[in-house]
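Only one structure is covered here, and it is reproduced in the block below.
Residue numbers (our numbering): 8 to 251.
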């Protein structure tokens, strides 16, 4: 039933996907850029702990925004699969698998964020480890989140590369968006690989290396939301695949 529905009304699916993508971009930017990164003091676990304990509700809002990103990404990946499946069933499955692995790892990364505040507030941890060590435990959770999130974005980088190719070949989405998404995927791969294995290089590349990622994803998001999909070319592509 889902396949028949999108074949008769691809525009609705496209705009729903655009709305979900916009929620993901805004939630992620707000949670990371305006909350979590403001509370975390690089290289100072004690100061970070003080900031989080001084604004626990603000921290929880930031974590909730991160979790919302994962929740919205699940239906979005299914919509992207349905929209791009007429181009190549094998390649769209490859993109889907990359995206599923990315989301699974990202979901685990959010578990580490959820552990930070309970760790800092735990009287038992304070008693066993002492007030000097508990911030280090919370910092370990933050570092674990950072590492696992970079691994998730590596898989997402491959997702962007494959989806970008499918967008370029589709005929019912602009080719330039496909190119922008492939550029985004390449930048994710370079930036996250450097963050994991060459932190000195990452310090020189970031955050500038992530700008093409924002441009590519925002372009894809806004096109889905405003323009949707060329229904006539969509139907033509679907018909051609049914004849094969």
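Beta carbons are placed, not taken as given, at the ideal position from N, Cα and C, and that holds for glycine.
Here the structure is a predicted model, which is why all the values come from computation and not from measurement.
- Residue 188 is classed as buried because its beta carbon has at least 16 other beta carbons within 10 Å across all chains shown.
- Taking a contact to require three or more Cβ pairs closer than 8 Å, the segment 123 to 135 and the segment 54 to 62 qualify as touching.
- No alpha helix (DSSP H) of 4 residues or more sits fully in the segment 78 to 118.
- Separation of the CB atoms of residue 152 and residue 116 is rounded to 5 Å, and the pair is thereby assigned contact status at 8 Å.
- The beta-carbon distance between residue 106 and residue 84, rounded to whole angstroms, is 5 Å. This is short enough to meet the 8 Å contact definition.
- Counting of Cβ neighbours within 10 angstroms places residue 19 among the exposed residues, the total staying below 16.
- Nearest to residue 148 by alpha-carbon distance, out of 92, 161, 47, is 47.
- Closest in alpha carbon position to residue 53, among 210, 242, 140, is 140.
- Runs of the alpha helix (DSSP H) lying entirely within the segment 151 to 232 and spanning at least 4 residues, in chain order: 182 to 204, 206 to 212, 218 to 229.
- The C-alpha of residue 120 is placed about 19 Å away from the C-alpha of residue 133.
- Taking C-beta atoms as the reference points, residue 225 and residue 199 fail to come closer than 8 Å.
- Counting C-beta atoms within 10 angstroms of its own C-beta, residue 142 has 16 or more neighbours from the protein chains shown and is therefore classed as buried.
- Taken through DSSP and simplified to helix, strand or coil, residue 140 comes out as coil.
- Residue 79 is a Cβ neighbour of residue 30, given a cutoff of 8 Å.
- Taken atom to atom, the span from the alpha-carbon of residue 123 to that of residue 42 is near 14 Å.
- With respect to the C-alpha of residue 23, the residue from 138, 179, 229, 173 having the closest C-alpha is 229.
- A contact between stretches requires three or more CB pairs, one per stretch, nearer than 8 Å, and the segment 65 to 79 fails this requirement with the segment 96 to 103.
- Counting along the chain, the unbroken alpha helix (DSSP H) around residue 58 starts and ends at 52 to 61.
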